[in-house]
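Here the structure is laid out as C-alpha cells; the discussion comes afterwards.
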Amino acid sequence: MSKQDSNKVILKASAGTGKTYRLSLEYIYNLLKDINYKNIVVVTFTKKATAEIKERIFDFLYQVAFEKGNVFELKKNLKEIYSLNECDFDKTKLQNIYFEMLKNKEDIRIYTIDSFTNRIFKQAIAPYFEISSFETLDSESDDFYEKIFKKIMDNKNYYEKFEFLIEEIGEKKEIKNYVKVIEELVKLQKKYVIAKNFEFKKEKKDLEIYDFLTPLQEIYSEVKNFSEKKGKELSECFNSGFYEIFEQLKKESENSDEKKIEIVIKNLEVFSISEEKNYYSGKFIRGKTSEHLKELQNEFLDKLSKYVLKNKVYPFHNKLKEFCEFLYDLVRREKISSKKFTHDDISIYTYEFIFDKNLKFIENSKFSQDFFEIIGGNIDTIMVDEFQDTSILQWKILKLIMDCAKNIICVGDEKQSIYGWRDGEKELFENLDEIVKNSRVETLKKSYRSYKEVIENVNKIYFNYDENSNWNYEKVSYKDDDKEYQKGYFKFEINELENKKSQSETRVFRKIIEMIENKEIKNLGKSCIIAGKNVYLTEIANELNENNIPYTLKSNKSLLEHSAINPIYRLIKYFLYNNFQYLLEFFRSDLIGGLNSHVKYILENKNIIENFMKVSKEKNFVLFLENFDFKNENEKERLIEYKKINKIERNGWIFSDILNKIKKLKNLSQKLNSKTEKENFSLEVIREFEITNFYSTNSDIKNIFEFFNILKSYTNLFDFINYIEEKKEDIKQFGSEDKNAINLMTVHKSKGLEFDTIFYYKCKRTSKSSRNETSKIKTFIQFDKNFKKVTEFLVTLKKYEKLILRHEKYSKIRKLEEEKEKIEGINRDYVALTRAKKNLILLFDVKKSKEGYCDELTKKLIEKYSREDYLCGNIYEEIGEKKEKKDKKVLEIKKILPYFSDNIVKENKNDSKINLEKEFKRKKGLAMHYYFEHILTDVEIEKKIATSAIFSRYGNMIGKNNIFKMIERMNNFIQKNLEIYDPKYTVYNEFEIFDDEKMIKKIIDRINIDEKNKKIYIFDYKTGYEPEKNEKYKEQIEDYKKILARKVGKSYEIEARILEV
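Using our numbering, read the sequence shown as starting at -10 and increasing by one per residue.
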C-alpha cells in the first residue's frame, strides 16, 4: 500500500446502499495510510449523521484493532475496496490510534457543515470583528428587519440611498412592504457575494430598440378601423383597461415620444399580461385581423422588452447593487454590535473575509499555513457526506480546503437533493467528477435497507421515469442472499378529490386508521406516516386523536424557541449579562405582552432602573421611586410616567410588579451553588410569571420541566448558558408523543431515517408550482459548468419580470429553474418511498382534470400499473413480546408536579444541610479528579496547568481557601507516589471503556501502560479513610480489570490499585 498516493473519490450512493458504512471504511483506510486523525475532516449536514459516523468509526476501529466482532468482514471489505494485504493491518498502531482518539475526542474533526463554517468564523473571522463570543440564530426575527428599516428612514443620508426603491415599488403607504423588501434584499446577500465580480456584457446598439411605439400605434389604428367598419364603439373593441391607455397615447400624438414612453412605462404591468390576455376584444375581432393584431402585439412587447432591459432593468440592477453594498454594511455593523449571527451570516462573512488581504489567509489562491493553524491544523483528507445538499456558497469554502487536501471523498445521491429552497445545488454533485480533477466515480447499487417487494416496486416506478427531464435512475438490488429480505409488502391507492373542498369529501388517509384498527399494522413504533406538508400531518394527527391511536409528531424546533421558554431564557440571559436588550425582549414577549410605551420607558430611564435592580435594597419599585433623590422635577415627572402605562392590558400584568419580580429573581439567580436555592429559583420563575397558567398543555409542561431540569444540573448561569447555546440544536421541543406510537413526519424530516412500515400520503389539488409569487424582488443567476464563475446575474423587480422573460437568455435561466423545481418534486417522492424497510403503502388524494391527475407520481403509478389501486406481498412485522407498562403520561406528570410544588420550599432544614454537605463533598471529589486529569508525566509543568484549570472551573463553587488546601494535599500525594508519574509510561487519564456484557460505559481515572514489560496499571483515585478496604471500591476496580483483560487478551499483565488521596 502506497502511503503517499492521493485518493479522490466521488461516491454515488442510492438510498439505503450503505454510504455511512463506506465513509467509515474510508476513515479507517486513511488511518492505515498513516494519515493522522487530527488531519482528517468529515463534514455532514445533520447532527444525527455526525454522531452516527463518529460512533461507526470508533466501532470499526475497535473491531479491526483488537480483532473483535465483525473484524473478518471489515478486513475483507477493506482489502477488496483498497487493494490491501494482511500486512497492512498493524494492530499495535491501530490500538494506539484508538486509545489516542478516545483520550482526545475534542481533536476528532467531524462536523456538520454549519458547525464547520461556524468554527472557521469563530477562530478566524470573529477576532477580526473584535468578537470573542456570539449567539447563533436559525433565522432573523421580523423585529431585526424593522429595526434596519427604521435606521434607514431616520437617517437623511440613508434615506436618500433608499428613495429610488420607494419610487420604483410605488407603494408609499404600505410600510410593511418596504420592510419585506429589506428582508428579501438581506437574504439575497449570498448571491451578491458569489456574483461580486459579475459585470454586464456591453451589447451592440440596436437601432430598433426604442421603436416599440410604432407597432403600438398600428394596433390602435387597426382596431379603430375595425370599429368604424363594423359600427362598434371603439371602447368595446379593446379589452378592459387598454382603451383608456390608448386614449392617453392618442392625446400625446403631437408631442415628443418621451411622453408616450412615460405612459407605456407607467402601465408596464398592464401591457405585459399579453401571455394571458390580448389588448383587443376577441369577442368581436377574429380571424386574420386577430392574427395580425397578435403579431403586432408580440412585436411591440419584444421591442419594449429590449427598451426596458437597457433603460430600466439594467440601470435599476446597478443602482440596487450600490444600495445593497450600503445595506449589507449597515446590517453587518448591527450584527457585530448585537453579537448575533444566522448560519447564513456566518457563511457569508467567512467567505467574504477569508479573502481580506489584511488577514493573509489566502496565498496563491489557496489557504495559507496560518489559516490552517488557526482552525485546528492541516487537512490531509476531507470527506463530505450528503454532498448533493451543498450550496454554492458552502462549496466555495469547501473548494478552497479541497485544493489543499491530498484525499477527497464526496458522498451523495442527486436523487435525494431536496433542499433547493435553502440553495442546495444538486448539479454540483452531478458535475463533481469534472470539477475535482483526477477523481474517480464509484456507484453503490445494492440496498442493505429494503426488502424485495419494496425494492422491486421502487425500481419499477422510477426506471425510465421521465425521459424529458434530467432525472436518471439505475436499478438497485436487494440482499437476495438473505432469506429474510425476500419478503415485504407494497400497496398504493389513489382517491380522486372533488372539484371543491368540503368536510364530507372522502380522504384516503383514513385507510391508515382502518389498517391500524384492523391490526394489519401492529408495530406502531416502527411505522411512520410521511406527508409533504405539516398541514396534512395535522389533519392526520387529529384523525388519529379521535380514534385514540397514539402518535409522535416531533418538533424540529429547539427547546429555546418554545413560546414558554424563550422569554424566560431571555430573562436569564439578562440576569447573567446585564444586557438591557434581553430585558426589552422579555417585556415584548407574549408572556408579558409589553407595548412600545413600556420599552420606551425602560430605555429612557435605564440608569435609574439599573440602580433599582443592582444597588438599592428596596424591593418595591413604587417605594423606590417615592424615596428616590431626583435631580430635578423633570426627571421626577419622567419617572412617574409609569403610572400611565402601569396596567399591561394584554395579559393583565402590572408593570411595576413585573420590575419587582425581576429584581427578586435576579437576586435569587446569583445563589445557584445551593441545590435548594436553585430549585427555589426555578420554582419562583414559574410562580411569579404564572407560566403554567399561560402554557398549560401536557407538552408545554414537559418542555418547561425539561428546561429547568437542565438548569438544575448547573451551579451557575454562565455554565448553563454556555452549555445550552452549544447544544441548542440538539435539545428539541417535546411534541405530542408516546414511545409506542406511530411517527408523523414531513419528507424533509424523514430524510436519513428508516422505518419498517411507511405510509406516504399526498394531497394535490393543483399542478401549479409553489414558486413564491409574493416576492417583490426577482433574481436570475447562472453559473458555468464548474460553478467557478457567474455567467449571468440580474436582480430586478417583479413588475419587469414578464418583459424580461421575453429575452432568450433570461427565459432559458427561468426554464432551468422550473426544471430544477420539477426534479426536486420527483426527489421528494423518491426520498419518502425509500424510507421503507419492509412495507410501503402509498395513499394519494389527487384532483383530476381533462388532462388527467395533477400529480406526476400519481400519473406514473397509473402508467406503470395500469390501475388506480394495487398491492403485492404480505405485510411483515416483527412484533416483540409486549410488557405491561404504566401509563407514561401519568408517570411524567407525577414526576413533574413535585418539581413545581410547595414541598421544595418547605424542605426540612436538617435535610437541606445534609444535602448541601453531600453536594459540597461531591463537588470536591469532582475537582480532585479534574486536577489529576491534567497530570501525566511532566509533573512540575502539569501541576501549574492543573492549578489554573481547577481554579477556573471550581473556584467559585468550592472557594479559594478550600481549593488551596486540596492542591496542597494532592501535590503531597504526587510527591509521595512519583513512580506512578514516571515518563516511561504511556498514560491515559479519564479513560472510557465499554463493558460488552453489561452494555454500559465506564471511566477509569488513570491507566499507565508499560510497553517494554507489557504491563498495564489501573489507578482509581479516592478520598476518605482507607478506601482500599471499601468493598464497593474493590469490586469496582476488579470490574475495570476484567473488562480491560477481555479487551487486550493475554498480551498484557494487568494490575489495579485504589489510591487514597
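Using N, Cα and C, we set each Cβ at its ideal position, and we do this for glycine too. If you're wondering where the values come from, they're calculated on a predicted model, not measured in any experiment.
Where G5 and L91 are concerned, what is the direct C-alpha to C-alpha distance, given to the nearest angstrom?
Counting from 1 along the sequence shown, the entry for residue 5 is found at position 16. Counting from 1 along the sequence shown, the entry for residue 91 is found at position 102. Computed Cα separation, rounded: 29 Å.
List in chain order: all unbroken alpha helix (DSSP H) runs of 4+ residues lying wholly within the segment 472 to 560.
If we require 4 residues or more, the alpha helix (DSSP H) runs fully inside the segment 472 to 560 come out as 499 to 506 and 523 to 535.
Compute the distance between the beta-carbons of V976 and R995, then report whether it is under 8 Å.
Locating residue 976 in the sequence shown gives position 987, where the first residue counts as 1. Locating residue 995 in the sequence shown gives position 1006, where the first residue counts as 1. For V976 and R995, yes; Cβs fall inside 8 Å.
My understanding is that L850 touches K500, with C-beta atoms under 8 Å, so please give their C-beta distance in whole angstroms.
On the sequence shown, residue 850 is found 861 positions in, with the first residue counted as 1. On the sequence shown, residue 500 is found 511 positions in, with the first residue counted as 1. That belief does not hold up - the Cβ atoms of L850 and K500 are roughly 16 Å apart, past 8 Å.
Just to check my reading of the structure: I864 and I519 have Cβ atoms closer than 8 Å, yes? What is that Cβ distance to the nearest angstrom?
As a first step, residue 864 must be located in the sequence shown, where it is residue number 875. As a first step, residue 519 must be located in the sequence shown, where it is residue number 530. That belief does not hold up - the Cβ atoms of I864 and I519 are roughly 18 Å apart, past 8 Å.
Run through DSSP, which three-state label would W642 get?
Stepping through the sequence shown from its first residue, residue 642 is reached at position 653. Residue state, collapsed to three classes: strand.
Please classify L533 as buried or exposed, where buried requires at least 16 other C-beta atoms within 10 Å of its C-beta.
In the sequence shown, residue 533 corresponds to position 544, counting from 1. By the neighbour-count rule (16 or more Cβ atoms within 10 Å), L533 is buried.
Might you give, ordered along the chain, the residues of its own chain that have their beta carbon closer than 6 Å to the beta carbon of Y18, omitting 5 neighbours on each side?
As a working note, residue 18 is residue 29 in the sequence shown. The residues are Y71.
Which of the three DSSP states, helix, strand or coil, is assigned to N461?
Locating residue 461 in the sequence shown gives position 472, where the first residue counts as 1. Coil at N461, not helix or strand.
Tell me, to the nearest whole angstrom, how far the beta carbon of K364 is from that of A113; I am working on the premise that it is less than 8 Å.
Numbered from its first residue, the sequence shown carries residue 364 at position 375. Numbered from its first residue, the sequence shown carries residue 113 at position 124. What sits at residue 364 in the sequence shown is Ile, not Lys. Rounded, the Cβ-Cβ distance is 6 Å, consistent with contact.
For V1065, count neighbouring C-beta atoms within 10 Å of its own C-beta (all shown protein chains included) and say buried if the count is 16 or more, exposed if not.
This structure cannot settle anything about residue 1065, because the visible part of the chain is limited to -10 through 1050.
Between the Cα of L298 and those of F772, V784 and S121, spot the shortest distance and give me the residue it belongs to.
Taking the first residue of the sequence shown as 1, we reach residue 298 at position 309. Among F772, V784 and S121, the Cα nearest to that of L298 is on V784.
Helix, strand or coil, according to DSSP, for Y865 in the structure here?
As a first step, residue 865 is located in the sequence shown; it is residue number 876 there, counting from the start. Correct three-state label for Y865: coil.
Taking only the alpha-carbon atoms, compute the straight-line gap between L565 and T125 and give it to the nearest angstrom.
Taking the sequence shown and counting its residues from 1, one reaches residue 565 at position 576. Taking the sequence shown and counting its residues from 1, one reaches residue 125 at position 136. Roughly 18 Å between the two C-alpha positions.
Under a three-way DSSP split, which group does Y440 fall into?
In the sequence shown, the residue the question calls residue 440 occupies position 451. The answer is coil: DSSP assigns Y440 none of H, G, I, E or B.
Is there at least one Cβ from chain C nearer than 8 Å to F47's Cβ?
No chain C appears in the structure shown, which is made up of a single protein chain.
Tell me whether N347 sits in a helix, a strand or coil according to DSSP, three-state version.
Here residue 347 refers to the residue found at position 358 when the sequence shown is read from its first residue. Coil at N347, not helix or strand.
What residue from I989, E225 and L925 has the CA that sits closest to K272's CA?
Looking up residue 272 in the sequence shown gives position 283. If we check each option's Cα against that of K272, E225 comes out closest.
Any idea if Q964 is buried or exposed, counting beta-carbon neighbours within 10 angstroms, 16 or more meaning buried?
To locate residue 964, count along the sequence shown from 1; it is residue 975. Exposed, by the Cβ-count rule.
Count the C-beta pairs between the segment 77 to 85 and the segment 306 to 315 that are closer than 8 Å, then say yes if the count reaches three, no if not.
No, the segment 77 to 85 does not touch the segment 306 to 315.
Considering just the uninterrupted stretch of the alpha helix (DSSP H) at R45, what are its terminal residues?
Stepping through the sequence shown from its first residue, residue 45 is reached at position 56. K36 to F55 is the extent of the alpha helix (DSSP H) around R45.
What first and last residue would you give for the beta strand (DSSP E) that runs through R1046?
Position 1057 of the sequence shown, counted from the start, is the residue given in the question as residue 1046. R1046 -> beta strand (DSSP E) spans E1042 to E1049.
Please state whether the Cβ-Cβ distance between Y478 and G862 is less than 8 Å.
Position 489 of the sequence shown, counted from the first residue, corresponds to residue 478. Position 873 of the sequence shown, counted from the first residue, corresponds to residue 862. Against a cut-off of 8 Å, the Cβ pair of G862 and Y478 comes out as a contact.
Look up G401 in the DSSP assignment and give the residues it is bridged to.
For the purposes of this step, residue 401 is taken as residue 412 along the sequence shown, with counting starting at 1. For G401, which the question treats as bridged, DSSP gives the partners K1.
Could you pull out every residue in the same chain whose Cβ sits closer than 7 Å to the Cβ of G230, ignoring the five residues on either side in sequence?
Counted from its first residue, the sequence shown places residue 230 at position 241. Answer for G230: V259, listed in chain order.
Assign V425 to one of three DSSP states: helix, strand, or coil.
For this step, residue 425 is matched to residue 436 along the sequence shown. DSSP places V425 in coil when its eight states are reduced to three.
Taking just the CA atoms, how far does L67 sit from S1040?
Numbered from its first residue, the sequence shown carries residue 1040 at position 1051. Numbered from its first residue, the sequence shown carries residue 67 at position 78. About 25 Å.
For the segment 665 to 737, which segments carrying the beta strand (DSSP E) assignment without a break, of at least 3 residues, lie completely within its bounds, in sequence order?
Counting only runs of 3 or more, we get 731 to 735.
Let's see if you can read the secondary structure: which residues bound the beta strand (DSSP E) around K434?
In the sequence shown, the residue the question calls residue 434 occupies position 445. No beta strand (DSSP E) contains K434, which DSSP labels as neither H nor E.
Taking only the alpha-carbon atoms, compute the straight-line gap between R911 and N669 and give it to the nearest angstrom.
Position 922 of the sequence shown, counted from the start, is the residue given in the question as residue 911. Position 680 of the sequence shown, counted from the start, is the residue given in the question as residue 669. Roughly 21 Å between the two C-alpha positions.
What did DSSP end up calling Y467 once you bin it into helix, strand or coil?
As a position in the sequence shown, residue 467 is number 478, starting the count at 1. Reduced to three states, the DSSP call for Y467 is coil.
Name the residue from P972, T278, N828 and Y317 whose alpha carbon lies nearest to the alpha carbon of L925.
Within the sequence shown, the letter at position 936 stands for residue 925. Out of P972, T278, N828 and Y317, P972 has the C-alpha closest to the C-alpha of L925.
Taking the C-alpha atoms as reference points, what is the distance between E599 and N649?
Within the sequence shown, the letter at position 610 stands for residue 599. Within the sequence shown, the letter at position 660 stands for residue 649. If you take the alpha carbons of E599 and N649, they lie about 12 Å apart.
Compute the Euclidean distance between the alpha carbons of I992 and E981, then round it to the nearest angstrom.
Start at 1 with the first residue of the sequence shown, and residue 992 comes out as number 1003. Start at 1 with the first residue of the sequence shown, and residue 981 comes out as number 992. Distance between the alpha carbons of I992 and E981 is about 5 Å.
Cα separation between N951 and D984?
Numbered from its first residue, the sequence shown carries residue 951 at position 962. Numbered from its first residue, the sequence shown carries residue 984 at position 995. The alpha-carbon atoms of N951 and D984 are separated by roughly 36 Å.
So for D579, helix, strand or coil by DSSP?
As a working note, residue 579 is residue 590 in the sequence shown. Three-state result, D579: coil.
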